[in-house]
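Visitor: Have a look at the structure that comes next, please.
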Amino acid sequence: MSATRRLAKARRYLRSAELLLRDGDLDSAVSRAYYAVLHAAKALLMIYGHPEVEGWKTHASMLNLLAREDRRFTWFRGIQPLSGERDLQRSLTALHAQRQDADYEVGEISAMVAQGALSFARVFLERAEERVLERENQTRG
197 MSATRRLAKA
207 RRYLRSAELL
217 LRDGDLDSAV
227 SRAYYAVLHA
237 AKALLMIYGH
247 PEVEGWKTHA
257 SMLNLLARED
267 RRFTWFRGIQ
277 PLSGERDLQR
287 SLTALHAQRQ
297 DADYEVGEIS
307 AMVAQGALSF
317 ARVFLERAEE
327 RVLERENQTR
337 G
């Protein structure tokens with residue numbers, strides 16, 4: 197799947213997360229927000245020289261690679277961390293944990309956590325789309 201198609205999937209997941217949040221399904225909203233970020237992250241890693249991520253199934257491997265790239269690329273720093281987290285790596289780890297809680301635990305995700313997850317996913321996806329477009333323009337011109 198191309199980076200552009202990954203971003204399209206991320207956009208769909210983010211739209212789903214927004215609808216789920218409006219409907220009060222906070223667990224599912226957090227889960228979809230996480231997967232929106234995951235697909236956007238895969239798109240970024242693919243365009244920055246990591247095509248191998250396409251076949252990866254473990255989230256931890258992806259998140260670790262993205263954290264290493266965070267130290268290399270300054271544009272990640274424009275992404276506001278999740279509430280209570282100090283950087284992108286910790287935000288991604290926290291969002292992953294929230295998604296696991298949402299999908300596997302019986303307790304309910306709070307509205308504040310769900311809104312924070314969607315806000316983070318929105319900004320992450322915006323930055324990812326900017327970078328993919330920028331990178332595609334560089335390779336064309």
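If you read the sequence shown in my numbering, its first letter stands for residue 197, the second for the next number, and so on.
Quick reminder that beta carbons are idealized off the backbone N, C-alpha and C, glycines included.
Sorted by chain position, which residues of the same chain lie with C-beta nearer than 7 Å to residue 262's C-beta, five sequence neighbours on each side aside?
Guide: 237, 241 and 288
Visitor: Can you tell me which of the three DSSP states residue 200 falls into?
Guide: helix
Visitor: Could one say the Cβ of residue 218 lies closer than 8 Å to chain C's Cβ atoms, at least one of them?
Guide: In the displayed structure, chain C is absent; only one protein chain is listed.
Visitor: Which full runs of the beta strand (DSSP E) of 3+ residues lie inside the stretch 226–252, going along the chain?
Guide: None, since the stretch 226–252 contains no complete beta strand (DSSP E) of that length.
Visitor: Around the C-beta of residue 209, are 16 or more other C-beta atoms found within 10 angstroms, so that it is buried, or is it exposed?
Guide: buried
Visitor: The alpha helix (DSSP H) spanning residue 319 covers which residue range?
Guide: 307–336 is the extent of the alpha helix (DSSP H) around residue 319.
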